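Quick notes on the structure that follows.
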Amino acid sequence: MTYPGPPPVEALKPVELRVDDGEYVAIVGPSGSGKSTLLNLLGLLDAPTAGTYWFDGHDTSTMKEAKRTQLRADKIGFIFQAFHLMAHRTATENVAMALVYQGIPRRKRRQIAREKLELVGLSHRLDALPTTLSGGERQRVAIARALAAEPSLLLCDEPTGNLDSKTADAILATLDELHSQGLTILMITHDHDVAERAERAVTIRDGQLREGNHLHDDHQPETDRTPTDEADPGTLVMPSVGAAPTAVQPGAAPTAVQPVAGRQRRA
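So in our numbering, spot 23 of the sequence shown is number 403, and the numbers just go up one at a time.
In structure tokens:
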């Protein structure tokens with residue numbers, strides 16, 4: 381991925397990355413390593429300047445912007461470090477806003493929003509404004525919003541970056557529970573310990589990917605790096621469609637689950 385100059389900036393070098401349906405992958409790296417660029421590519425916010433990106437069986441590299449936008453809205457949920465909630469809208473309204481452009485009637489949007497807030501343990505905060513919520517509760521609202529359209533991929537950009545350690549652990553426990561129900565999760569983080577929660581870690585440094593959590597390595601041996609052909613612009617492959625997770629019971633670190641209406645995940 382190269383941004384035009386002058387001079388041109390190669391933010392992401394040729395890489396190969398495959399994420400299968402149901403995986404929980406952490407992409408870990410320091411500031412300026414290319415994490416945000418990779419997240420933008422995976423989230424269909426940017427198109428690669430070279431190479432291919434397959435998502436859910438579609439080659440998105442040459443896809444028109446309107447189709448990319450629709451695919452992103454239908455299949456990808458985003459969780460951000462800064463929450464990005466509307467301050468003067470209730471938790472239910474914030475989640476329901478994610479469905480406005482999908483042609484879903486208002487009453488149905490609110491019903492879905494309430495279900496997703498219950499999913500993340502906020503059934504008691506449906507009408508609360510973000511300014512009255514704790515940091516952990518605001519992040520749970522953001523998770524509920526990301527799940528509103530039942531995405532097949534959940535992209536998390538430093539989801540615990542603004543939280544204290546106890547609250548961060550509770551949010552990670554929620555992600556663990558969602559993953560245990562089959563949701564594909566890809567998390568961007570600079571935190572070595574947070575990355576350890578995922579079932580698989582990939583390190584990014586200077587725009588290059590390397591399998592494993594090597595954030596604290598002082599030197600990356602050339603033989604250990606993810607093999608790429610310099611003439612090959614790289615390939616990204618993301619999962620097939622999934623279905624909605626089951627409900628997480630309220631609590632700081634939820635463990636119990638119960639079925640909710642929706643499609644069944646593939647075994």
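Every residue, glycine too, gets a C-beta built ideally from N, C-alpha and C. On a predicted model such as this, the values are computed, not experimentally measured, just so you know.
Practice item. Pick out whichever of I584, A578, T512, I456 has its Cα sitting closest to the Cα of A406. Key: Nearest option by C-alpha distance: A578.
Check your understanding: What does DSSP give as the partner residues of V582 in its beta bridges?
Key -> I407, G592
Check your understanding: Going along the chain, which residues of its own chain have a beta-carbon closer than 6 Å to the beta-carbon of L479, five neighbours each way excluded?
Key -> R489, A528
Practice item. Could you tell me the distance, in whole angstroms, from the CA atom of T512 to the CA atom of R520? Key: When rounded, the distance between both Cα atoms is 14 Å.
Practice item. With DSSP collapsed to three states, give me the class of E610. Key: Unreliable positioning characterises E610 in this predicted model, as indicated by a pLDDT of 42, which lies under 50. A coordinate reading is not provided.
**Study point:** Whole runs of the alpha helix (DSSP H) within the stretch 466-536, excluding any shorter than 4 residues
**Key:** 471-476, 486-499, 515-527
Point to revise | Of the residues H468, P394, E403, L397, the one placed nearest L533, counting alpha carbons only | key: E403
Exercise for review: Taking only the alpha-carbon atoms, compute the straight-line gap between A623 and S545 and give it to the nearest angstrom.
Suggested key: Its pLDDT being 37, under 50, A623 is placed unreliably by the model, and the measurement read from it follows with that caveat. Going by the C-alpha atoms only, they are around 30 Å apart.
Review point. Taking three-plus beta-carbon pairs below 8 Å as touching, is the stretch 414-428 in contact with the stretch 492-505?
Key: no
Check your understanding: Closest to S413 by CA distance: which of A476, L392, S503, L421 is it?
Key -> Nearest C-alpha to S413: L392.
Check your understanding: If you run the structure through DSSP and keep just helix, strand and coil, what is Q399?
Key -> Correcting the residue type first, residue 399 is Val in the shown sequence and not Gln. Coil at V399, not helix or strand.
Review point. So, is H468 buried or exposed, given that buried needs 16 or more other C-beta atoms within 10 angstroms?
Key: Only exposed fits H468, as fewer than 16 other CB atoms lie within 10 angstroms of its CB.
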